[in-house]
Amino acid sequence: MSGIPGSKFARNLVERRALLVQLVRRDFQQRYVGSVAGWLWGVVHPLVLLLSWVFVFQICLKVTLPPNSITQNYTMYLFCGILPWLLFQETVLRSAPSMVEHANLITRTVFPAEVVPVSIFLSSLIHHLIALAIVIIATGVVLKTISPMILLLPVYMLFVGLLAVGVGWFVSSLQVYLRDTAQVLSVVMTLWFWITPIMINDNLIDFTIAATEPGQPAKVTWRPETTAIRVETHVETVKAGEKVVTYIQDLGGGRLHLRGQVPAGGGPVVRVYEVPDAASHASFTRATTAT
Numbered sequence: 544m545s546g547i548p549g550s551k552f553a554r555n556l557v558e559r560r561a562l563l564v565q566l567v568r569r570d571f572q573q574r575y576v577g578s579v580a581g582w583l584w585g586v587v588h589p590l591v592l593l594l595s596w597v598f599v600f601q602i603c604l605k606v607t608l609p610p611n612s613i614t615q616n617y618t619m620y621l622f623c624g625i626l627p628w629l630l631f632q633e634t635v636l637r638s639a640p641s642m643v644e645h646a647n648l649i650t651r652t653v654f655p656a657e658v659v660p661v662s663i664f665l666s667s668l669i670h671h672l673i674a675l676a677i678v679i680i681a682t683g684v685v686l687k688t689i690s691p692m693i694l695l696l697p698v699y700m701l702f703v704g705l706l707a708v709g710v711g712w713f714v715s716s717l718q719v720y721l722r723d724t725a726q727v728l729s730v731v732m733t734l735w736f737w738i739t740p741i742m743i744n745d746n747l748i749d750f751t752i753a754a755t756e757p758g759q760p761a762k763v764t765w766r767p768e769t770t771a772i773r774v775e776t777h778v779e780t781v782k783a784g785e786k787v788v789t790y791i792q793d794l795g796g797g798r799l800h801l802r803g804q805v806p807a808g809g810g811p812v813v814r815v816y817e818v819p820d821a822a823s824h825a826s827f828t829r830a831t832t833a834t
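The following block contains the structure:
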């Protein structure tokens with residue numbers, strides 16, 4: 544076993560398991576000293592975040608899931624996606640100042656400093672398990688099914704823990720010399736979160752149709768322009784007061800046909816099309832035909 548990477552560290556954790564348990568208990572208790580709700584705040588915070596994001600993305604921005612997704616329940620999809628991130632984020636952010644906070648123990652006694660980020664991860668894992676239990680119950684109630692893939696949950700928690708503790712060791716050591724590390728890390732983690740794919744549906748194409756003169760083709764633009772979809776447009780500008788009629792037809796082979804009519808004098812008309820399989824679009828072309 545000595546030849547396996549990390550085996551010595553794992554052996555040290557086992558030998559110091561009593562210290563590790565004490566650190567985890569102390570960390571968990573100190574977080575809610577004097578609090579009436581106690582550990583329930585660890586559940587309330589992610590639920591409030593979830594409701595906020597569902598309101599913004601699903602209700603306000605009308606974000607939908609790809610048609611080939613494993614579920615069309617956006618709330619469950621989002622909750623399952625943010626829980627691992629919250630576990631990782633909390634471990635890393637709280638690990639950054641941990642060496643400085645435990646300076647008295649580290650400098651005055653023979654204290655294994657490497658176990659501090661591990662204890663923070665295990666403390667955060669308690670909240671994660673509580674939230675995970677809520678997800679599993681909600682899955683059974685809302686979706687009326689529980690996948691056998693649930694047996695793989697300990698595997699992803701192990702890998703998240705390894706990554707979080709590893710990053711935690713690095714930033715906590717850096718914080719000793721550069722006290723701005725924790726502040727910079729907070730900004731980096733925020734940016735990192737918002738560029739993760741779970742917050743962005745790259746399957747959507749937004750078409751903007753602007754009227755011109757009656758009898759003339761309307762001006763059609765779309766975003767993103769870098770799509771592997773060949774767009775053919777046949778949208779005519781009609782007299783003011785007539786109805787807006789638009790159709791988006793999938794011709795197959797990466798071709799879309801946008802047709803219809805828009806009244807002159809009106810504002811731009813926006814239509815959204817969801818690409819069934821955006822992952823297969825490796826090259827990008829654009830062509831527009833107006834007649």
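Residues in the sequence shown are numbered consecutively from 544, following our numbering. Cβ coordinates follow ideal geometry from the N, Cα and C atoms, glycine included.
A distance below 7 Å separates the beta carbons of I748 and Y816. The beta-carbon separation of G585 and H645, rounded to 22 Å, does not stay under the 8 Å limit for a contact. Boundaries of the alpha helix (DSSP H) harbouring Y620: Y617 to S638, taken from the DSSP string.
Counting along the chain, L801 sits inside the beta strand (DSSP E) bounded by residues R798 to P806. By the Cβ rule, the region 563 to 572 counts as touching the region 661 to 668, because three or more pairs are nearer than 8 Å. Rounded to the nearest whole angstrom, the CA to CA distance from A676 to P806 is 54 Å.
Scanning its chain for C-beta atoms nearer than 7 Å, with the 5 sequence neighbours on each side dropped, one finds around F654 the residues L648, in chain order. In the displayed model, Y699 falls within a helix according to three-state DSSP.
Minimum Cα-Cα distance from L621 among the listed residues V698, V730 and F598 corresponds to F598. Exclusion of the five residues before and after V708 leaves T634, S638, P660, V661 and F664 as the residues of its chain whose Cβ lies within less than 8 Å of its Cβ.
Under the three-state reduction of DSSP output, A707 falls in the helix class. Residue pairing from DSSP leaves Q565 without any beta-bridge partner.
For T688, the three-state secondary structure derived from DSSP is coil. The three-state reading of DSSP puts R722 in coil, since its state is none of H, G, I, E or B. Taking all protein chains in view, the Cβ of A561 is surrounded by fewer than 16 other Cβ atoms within 10 Å, so the residue is classified as exposed. In this structure, the CA atom of E779 is about 15 Å from the CA atom of G810. DSSP places K762 in the strand class (E or B) of the three-state scheme.
Here the alpha carbons of G704 and S550 stand approximately 16 Å from one another.
By the criterion of a C-beta distance shorter than 7 Å, K762 is surrounded in its chain by A753 and T755, once the five residues flanking it on both sides are discounted. By the C-beta density criterion, A783 is exposed, having fewer than 16 other C-beta atoms within 10 angstroms.
T733 sits away from T751, with the two beta carbons spaced by 7 Å or more. For D749, the pairing in a beta bridge is given by DSSP as R766 and V815. Across the set G808, R773, V787 and R559, the C-alpha of R773 shows the shortest separation from the C-alpha of R798. Secondary structure of V557 (DSSP, three-state): helix.
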